[in-house]
Amino acid sequence: MSLFFLDFSFLLLLLFSQRYKIKSHLSSVSEEKPIIH
């Protein structure tokens, strides 16, 4: 059960980080020219 909980929290963290990354990327694009990765 604890293992499942850890997995779930990890997925949640990943989702949030991805969302934050996209958010920051979008804001940077709107502010200035897009950054090429």
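Following the working numbering, the numbering of the sequence shown begins with 27 at its first residue and continues without gaps.
Just so it is clear, CB atoms sit at the ideal spot from N, CA and C, and this is done for glycine as well.
Looking only at its own chain, which residues have a Cβ that is under 8 angstroms from the Cβ of residue i, when we skip the five neighbours before and after it?
{"i": "residue 30", "result": "none"}
Residues in the same chain with beta-carbon distance under 6 angstroms from residue i, minus the five sequence neighbours each way, listed in chain order, please.
{"i": "residue 48", "result": "none"}
Please work out which residues of its chain come closer than 7 angstroms, Cβ to Cβ, to residue i, disregarding the five sequence neighbours upstream and downstream, and give them in chain order.
{"i": "residue 41", "result": "none"}
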